[in-house]
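**Student:** Just so you know, the protein sequences line up as chains A and B, in that order.
Going letter by letter, the first sequence gives residues 102 to 369 in my numbering.
Going letter by letter, the second sequence gives residues 9 to 635 in my numbering.
The C-beta atom is built at its ideal place from N, Cα and C for all residues, glycine as well.
One structure coming up, written as structure tokens, with questions to follow.
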Amino acid sequence: MDIVIFGILWVLLTGVAEWGVHDWVMHGTYYITASNTAVISQDAFNFLLFAIAPIVVFVVLAIFYPAVRFHARRGETGEAPVQKRFNPVMVWTWILVSFFFNVFVWVHPTASGLQAFWNAQTAYADSNPLIVHVYGRQWEWIYDYPQYGISQAVDKNGEDILVLPVNRPVKFILTSGDPFHAYDSRVDVIHSFWIPAFGVKWDVIPGETRTITIVPNKITSTAENPRVRVQCAEVCGAGHPYMITDLRIVSASDFAKWVAWEKAHPAD
Amino acid sequence: MAQPQAVVETPTMRPRARRSMPPVTRGALWALIGYLVGALLIYVVDPQRGHPFLTEPAEIIGWLGAVIGWLLGVGALEHVIHPLVGIEHEEPRYEGWRKYFSYATDHKVIGIQYMFNSIGAFGIAGFIAMAMRVELMSPGPWTILFQYPEQYLNAVGIHGSLMIFSVATVFFVGGLGNYFVPLLVGARETVFSRISGIAVWLMPVGILSIALSPVLGYWTAGWRDYEPLMQADPSGTVYYYLGVAAILISSFIVSANLITTILFQRAPGLTWNRLPMFCWGILVTALLNLIWLPEIIATFLVALVSREIPLQLFTAHGFPLLYLNLFWLFGHPEVYIIVLPALAIWQEILPVMGQKTLFARNVGIIGLAFVLLLSGMVWGHHLFTNMSNQEMLGFSFFTEMISIPTGFAYLTSIGTTWNSKLRLNVPTLFVLFSMFNFFIGGITGLFVADVPINFQVHNTMFVVGHFHYTIIGGMVFSGLAALYYWLPKLSGRMYDEFWGKFAAIATFITFNFTFMQFFILGIDGMPRWVPVYPRYMQGLEDSISIGAFCLGASFLLNAWVIWKAWVKGPKVGPNPWNGRTLEWVTTARPGEESFREIPVVQASFYVYGDGSQPAVVTVPESPGVTA
Chain A
102 MDIVIFGILW
112 VLLTGVAEWG
122 VHDWVMHGTY
132 YITASNTAVI
142 SQDAFNFLLF
152 AIAPIVVFVV
162 LAIFYPAVRF
172 HARRGETGEA
182 PVQKRFNPVM
192 VWTWILVSFF
202 FNVFVWVHPT
212 ASGLQAFWNA
222 QTAYADSNPL
232 IVHVYGRQWE
242 WIYDYPQYGI
252 SQAVDKNGED
262 ILVLPVNRPV
272 KFILTSGDPF
282 HAYDSRVDVI
292 HSFWIPAFGV
302 KWDVIPGETR
312 TITIVPNKIT
322 STAENPRVRV
332 QCAEVCGAGH
342 PYMITDLRIV
352 SASDFAKWVA
362 WEKAHPAD
Chain B
9 MAQPQAVVET
19 PTMRPRARRS
29 MPPVTRGALW
39 ALIGYLVGAL
49 LIYVVDPQRG
59 HPFLTEPAEI
69 IGWLGAVIGW
79 LLGVGALEHV
89 IHPLVGIEHE
99 EPRYEGWRKY
109 FSYATDHKVI
119 GIQYMFNSIG
129 AFGIAGFIAM
139 AMRVELMSPG
149 PWTILFQYPE
159 QYLNAVGIHG
169 SLMIFSVATV
179 FFVGGLGNYF
189 VPLLVGARET
199 VFSRISGIAV
209 WLMPVGILSI
219 ALSPVLGYWT
229 AGWRDYEPLM
239 QADPSGTVYY
249 YLGVAAILIS
259 SFIVSANLIT
269 TILFQRAPGL
279 TWNRLPMFCW
289 GILVTALLNL
299 IWLPEIIATF
309 LVALVSREIP
319 LQLFTAHGFP
329 LLYLNLFWLF
339 GHPEVYIIVL
349 PALAIWQEIL
359 PVMGQKTLFA
369 RNVGIIGLAF
379 VLLLSGMVWG
389 HHLFTNMSNQ
399 EMLGFSFFTE
409 MISIPTGFAY
419 LTSIGTTWNS
429 KLRLNVPTLF
439 VLFSMFNFFI
449 GGITGLFVAD
459 VPINFQVHNT
469 MFVVGHFHYT
479 IIGGMVFSGL
489 AALYYWLPKL
499 SGRMYDEFWG
509 KFAAIATFIT
519 FNFTFMQFFI
529 LGIDGMPRWV
539 PVYPRYMQGL
549 EDSISIGAFC
559 LGASFLLNAW
569 VIWKAWVKGP
579 KVGPNPWNGR
589 TLEWVTTARP
599 GEESFREIPV
609 VQASFYVYGD
619 GSQPAVVTVP
629 ESPGVTA
């Protein structure tokens with residue numbers, strides 16, 4: 102009888118939970134997704150939310166239902182009335198369900214999401230991407246646009262700024278170190294190139310060159326939405342909290358105008 | 009007329025030395041002397057001597073001299089060195105609180121010593137956390153409490169290091185494990201009781217080294233001390249490495265001791281099939297310690313050497329990722345070292361509180377064993393943002409898989425509470441809360457293990473929320489459950505039921521209020537290791553900080569409830585919960601012989617109801633101080 106009550110409660114509360122998840126997903130769990138990678142990441146997040154709702158309800162209910170239903174009354178002593186050492190149906194169902202659930206979420210959304218992510222990397226590799234060489238040093242991001250001869254992109258205040266055209270693949274080449282000063286690279290440390298609105302970060306490892314290709318899909322800027330920014334996501338010393346730059350995603354024509362402006366006003 | 013008895017005096021017998029100085033004071037004094045001796049040794053060979061007097065090599069050798077002086081002064085001279093060279097004398101007896109401040113071989117005393125070290129470190133690290141939360145109430149761009157950002161970063165690093173290495177790793181194994189494992193297996197002492205008595209004195213060394221390391225220079229690399237940043241950081245890193253090494257060596261010795269005790273000191277009739285669940289948990293945890301602690305100590309030594317000489321092992325000229333992998337090879341099993349005793353304690357407490365047979369006990373043990381097996385196969389999930397593509401799927405797969413044996417602890421616990429007669433007292437409440445919290449931690453781990461999601465949430469507050477839920481929610485809540493459960497045994501007294509329940513519920517509510525918000529904050533774009541942040545997140549940060557202050561207060565409340573019970577709670581008999589395991593059979597308090605007669609076990613500790621027998625054949629009359 103208790104199993105029936107538990108089952109009914111489970112179904113009802115799962116319904117409530119799924120409705121809550123649906124509401125949250127409709128509002129956008131990631132607050133803003135401004136690139137293809139953000140969409141892949143958010144899709145995985147949303148799917149997992151729907152998938153775990155019945156499990157969360159089950160386990161939370163299973164923890165607290167016995168406390169409510171089977172607790173000893175005040176002053177009651179003695180052993181429990183029913184003693185069960187083993188229940189093969191329950192145990193094997195639990196093991197098999199948890200096994201298959203875990204294999205399933207590994208296939209989707211982990212492997213499928215990675216597949217989408219990798220496809221995006223290779224598909225856009227041959228499509229004349231915009232190339233931005235990102236140098237990470239303590240404690241500055243330096244953006245170099247080799248295709249346009251811009252060695253350091255800065256805004257009117259001289260601050261490093263990343264400007265990208267919407268809907269054009271951009272290949273970020275990530276290296277550690279300052280291209281303008283000669284020094285022993287042994288002092289370089291690990292940074293992490295993170296754009297919250299792009300749903301992805303990639304580590305910058307001294308001595309290594311890494312690439313990641315992203316397609317921004319929304320015209321926006323840090324001024325409009327502070328999640329649209331570049332921030333270092335790996336502790337890199339005292340200046341780590343300040344290793345932030347603005348980011349602007351603009352139309353193709355605005356991007357061309359900006360490039361022209363940058364070339365007319367070189368950073369040094 | 010009878011001949012007077014001849015008295016033979018052995019030449020090596022010394023009259024009992026009247027120690028004028030308490031061991032801790034003498035240890036501190038000899039530590040100071042040892043430090044100066046070590047530093048002077050380096051000074052003598054330093055080609056640029058005197059500029060400055062304390063160079064990093066001097067700090068290292070000085071520290072080693074200090075540790076040797078400390079250990080000797082605290083009791084190793086009389087109890088380890090003198091017996092080694094044949095000098096015998098009467099061991100001074102300390103009574104009352106003094107025995108905790110000297111060398112002891114009684115596992116119950118050592119257990120309490122470890123617990124005090126752990127709780128002390130928890131207090132220091134917790135206070136630091138309160139300071140961090142004050143800082144985070146202001147978005148910046150200037151820091152308000154700390155003068156410089158590197159001071160904040162150092163605080164974060166000390167908080168993490170103390171909590172992980174001296175609280176989470178030690179409380180259940182060195183603390184409760186030392187006290188209760190011998191009792192649970194029916195042994196009077198542990199196998200390596202002498203070295204165990206010395207090992208515990210490494211704890212204050214380690215804790216103080218870490219806590220005071222900023223004096224040498226603020227280090228910013230955090231508890232994970234990633235290279236190459238750690239090489240470039242100021243000198244405080246040296247005492248991080250050495251302090252952590254000291255604590256881990258102590259944990260290693262505890263682990264070897266407890267494994268050997270479980271293997272060889274079990275009472276008659278206590279077969280492997282009857283081994284208590286907490287002992288299974290400690291056994292598996294101690295095995296993980298034996299495997300992985302040498303690895304991380306070696307890694308730290310290599311990193312320290314690489315810093316001092318200096319070598320280029322982990323810099324741009326070398327291989328930074330090597331360090332990251334070496335660290336996480338230990339780092340992931342470490343979290344199972346932290347949580348496995350908690351999973352075991354649920355299965356220890358719930359059958360007693362529900363007076364019901366532990367459901368599917370074998371499945372519970374298999375769960376612990378499979379977590380042990382899989383724990384060394386998942387470390388890469390900390391490195392998804394810097395590993396090569398072909399490694400991602402494998403690590404993700406094993407990370408998903410390890411959640412299955414972890415779930416077995418839920419299977420047995422829920423199967424036990426179902427249809428039970430569950431007494432909803434404070435230990436039970438803490439166990440249920442722990443199960444809920446650890447589950448939230450585990451389910452959010454599912455998100456972090458998903459690689460595309462990981463790309464977004466890695467190194468954000470989402471991860472910080474995840475691991476605080478698993479560690480505080482899992483280990484600390486279970487530690488409190490165990491402390492309240494075993495308080496009648498530790499102190500002979502009972503806590504106040506109302507205040508205990510109030511404290512439990514307050515801790516649960518404040519904890520969830522604080523840390524549930526971390527997940528939102530992480531998705532919203534809040535990274536780790538920053539005292540300043542874009543202004544749009546201030547609302548959440550303030551809300552979290554207020555919750556954190558309340559959580560800190562609730563921990564203080566728990567401390568007060570336990571302290572009040574220990575000092576003036578109502579006295580209780582040897583088995584107030586009607587438990588079946590062997591620690592409830594003895595009435596002894598710390599410092600006394602646990603079992604006058606070793607009990608003989610005849611049946612399972614976890615079977616209740618019809619068809620069960622008393623677990624113990626003979627109930628020995630154990631000496632006990634009822635006061």
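#1: Could you tell me the alpha carbon to alpha carbon distance between Gly-372 of chain B and Gln-273 of chain B, rounded to whole angstroms?
#2: In chain order, which continuous runs of the alpha helix (DSSP H) of length 4 or greater are located wholly inside the segment 371-454 of chain B?
#3: Would you tell me roughly how many angstroms separate the C-alpha atoms of Pro-359 of chain B and Pro-622 of chain B, rounded to the nearest one?
#4: Count the other CB atoms within 10 Å of the CB of Tyr-156 of chain B; is the residue buried (16 or more) or exposed (fewer)?
#5: I'd like the span of the alpha helix (DSSP H) that includes Glu-241 of chain A, first residue to last.
#6: Nearest CA to the CA of Ala-137 of chain B: which residue from B:Gly-617, B:Val-569, B:Val-175, B:Ala-556?
#7: Is there a Cβ from chain B that is less than 8 Å from the Cβ of Ile-350 of chain A?
#8: Which two residues bound the contiguous alpha helix (DSSP H) that contains Tyr-236 of chain A?
#9: Name, going along the chain, the residues of the segment 152-169 of chain A whose beta-carbon falls closer than 8 Å to a beta-carbon of chain B.
#10: Using a 10 Å radius around the Cβ and a threshold of 16 neighbouring Cβ atoms, would you call Pro-55 of chain B buried or exposed?
#11: Any Cβ of chain A within less than 8 Å of the Cβ of His-340 of chain B?
#12: Can you tell me the Cα-Cα spacing of Ile-164 of chain A and Gln-355 of chain B, whole angstroms?
#13: Which partner residues of Ser-277 of chain A appear in the DSSP bridge assignment?
#14: Of the residues that make up the segment 302-333 of chain B, which ones have a beta carbon closer than 7 Å to any beta carbon in chain A?
#15: Since Tyr-160 of chain B and Pro-542 of chain B should fall inside the 8 Å C-beta cutoff, what is the C-beta to C-beta distance between them, to a whole number of angstroms?
#16: Are there three or more Cβ pairs, one per stretch, closer than 8 Å when the segment 441-454 of chain B is compared with the segment 134-149 of chain B?
#17: With 16 other CB atoms within 10 Å as the buried threshold, where does Val-633 of chain B fall?
#18: Who are the Cβ neighbours of His-209 of chain A in its own chain at under 8 Å, not counting the five residues just before and after it?
#19: What separation, rounded to the nearest whole angstrom, lies between the Cα atoms of Val-112 of chain A and His-340 of chain B?
#20: Only counting the same chain, and skipping five residues up and downstream in sequence, which positions put a Cβ closer than 7 Å to that of Met-9 of chain B?
#21: Since Met-409 of chain B meets chain A, which of its residues come closer than 7 Å, beta carbon to beta carbon?
#22: Are Thr-269 of chain B and Thr-198 of chain B closer than 8 Å when you measure CB to CB?
#23: On the premise that Leu-430 of chain B lies in contact with Pro-167 of chain A, defined as a C-beta separation below 8 Å, what is that separation, rounded to the nearest angstrom?
#24: Look at the alpha carbon of Ala-635 of chain B and the alpha carbon of Val-189 of chain B, and state the distance between them as a whole number of angstroms.
#25: Does chain A have any CB closer than 8 Å to the CB of Val-624 of chain B?
#26: Name the chain B residues whose beta carbon is nearer than 8 Å to that of Tyr-131 of chain A?
#27: Residues of chain B with CB closer than 7 Å to the CB of Glu-335 of chain A, please, in chain order.
#28: Would Gly-402 of chain B be called buried (16 or more neighbouring beta carbons within 10 Å of its own) or exposed?
#29: Pull the bridge partners of Phe-294 of chain A from the DSSP assignment, please.
#30: Taking DSSP as the reference, what is the three-state secondary structure of Gly-213 of chain A?
#31: Out of B:Val-252, B:Ala-229, B:Phe-179, B:Val-343, which one is the CA nearest neighbour of Ser-242 of chain B?
#32: Given a threshold of 16 other Cβ atoms within 10 Å of its Cβ, counted over all protein chains shown, does Lys-364 of chain A qualify as buried or as exposed?
#33: Given a cut-off of 8 Å on the beta-carbon distance, is the pair Leu-250 of chain B and Trp-71 of chain B in contact?
#34: Am I right that Gly-244 of chain B and Ser-221 of chain B are in contact with their C-beta atoms under 8 Å? What's the rounded C-beta distance?
#35: Give the DSSP-derived three-state secondary structure of Lys-358 of chain A in the structure shown.
#36: Could you tell me whether any Cβ in chain B is nearer than 8 Å to the Cβ of Asp-102 of chain A?
**Tutor:** The relevant details are as follows:
#1: The straight-line gap from Cα to Cα measures roughly 23 Å.
#2: The qualifying runs are 397-425.
#3: Their Cα atoms are separated by approximately 15 Å.
#4: By the 10 Å Cβ count, Tyr-156 of chain B comes out exposed.
#5: Element bounds for Glu-241 of chain A: not the alpha helix (DSSP H) but the beta strand (DSSP E), 241-245.
#6: If we check each option's Cα against that of Ala-137 of chain B, B:Ala-556 comes out closest.
#7: Interface annotation, Ile-350 of chain A: not in contact with chain B, CB-CB separation never under 8 Å.
#8: Looking at the DSSP string, Tyr-236 of chain A is not in any alpha helix (DSSP H); the run it does join, the beta strand (DSSP E), is 231-238.
#9: Listed in sequence order: Ile-153, Ile-156, Val-157, Val-160, Val-161, Ala-163, Ile-164, Phe-165, Pro-167, Ala-168.
#10: Result: exposed.
#11: Chain A places no beta carbon closer than 8 Å to that of His-340 of chain B, leaving this residue out of the contacts.
#12: Approximately 13 Å between the Cα atoms of the pair.
#13: Under DSSP, Ser-277 of chain A forms a beta bridge with A:Gly-237.
#14: Here the close residues are Gln-320, Thr-323, Ala-324, His-325, Pro-328, Leu-329.
#15: Going by Cβ atoms, the distance from Tyr-160 of chain B to Pro-542 of chain B rounds to 17 Å, so no, they are not a contact pair.
#16: Result no; under three Cβ-Cβ pairs closer than 8 Å.
#17: Below a pLDDT of 50, predicted positions are generally treated as unreliable, and Val-633 of chain B, at 41, falls in that range; the measurement from the model is reported next regardless. Of the other Cβ atoms in all chains shown, fewer than 16 fall within 10 Å of the Cβ of Val-633 of chain B; this residue is therefore exposed.
#18: If the five residues before and after His-209 of chain A are omitted, its C-beta is found closer than 8 Å to the C-beta atoms of Phe-148, all from its own chain and listed in chain order.
#19: Going by the C-alpha atoms only, they are around 36 Å apart.
#20: With a pLDDT of 49 at Met-9 of chain B, under the threshold of 50, the modelled position of this residue cannot be trusted, and the question is left open.
#21: Chain-order list of chain A residues neighbouring Met-409 of chain B: Asn-203, by C-beta distance under 7 Å.
#22: A distance below 8 Å separates the beta carbons of Thr-269 of chain B and Thr-198 of chain B.
#23: Between Pro-167 of chain A and Leu-430 of chain B a beta carbon distance of about 6 Å is seen, short of the 8 Å cut, so the two are scored as contacting.
#24: Here the model assigns Ala-635 of chain B a pLDDT of 35, short of 50, so the residue's position is not dependable and the matter cannot be decided.
#25: Not one chain A Cβ lies under 8 Å of Val-624 of chain B.
#26: Chain B residues near Tyr-131 of chain A: Gln-464, Ile-531.
#27: Glu-335 of chain A reaches chain B at Asn-467, counting residues in chain order whose Cβ is nearer than 7 Å.
#28: It is exposed - the Cβ of Gly-402 of chain B has fewer than 16 other Cβ atoms within 10 Å.
#29: Answer is A:Trp-303, A:Cys-333.
#30: Inspection of the sequence shows that residue 213 of chain A is occupied by Ser rather than by Gly. In the structure shown, Ser-213 of chain A falls within a helical segment according to DSSP collapsed to helix, strand and coil.
#31: In the sequence as displayed, the identity of residue 242 of chain B is Pro instead of Ser. Answer by Cα proximity: B:Ala-229.
#32: With fewer than 16 other Cβ atoms within 10 Å, it is exposed.
#33: Yes. Within cutoff.
#34: Your pair Gly-244 of chain B and Ser-221 of chain B checks out as a contact, with CB atoms roughly 4 Å apart and the cut at 8 Å.
#35: Note: Lys-358 of chain A maps to helix in three-state DSSP.
#36: It is worth fixing the name first, because residue 102 of chain A is Met in this sequence and not Asp. Put simply, the CB of Met-102 of chain A is far from chain B, with every gap to its CB atoms at 8 Å or more.
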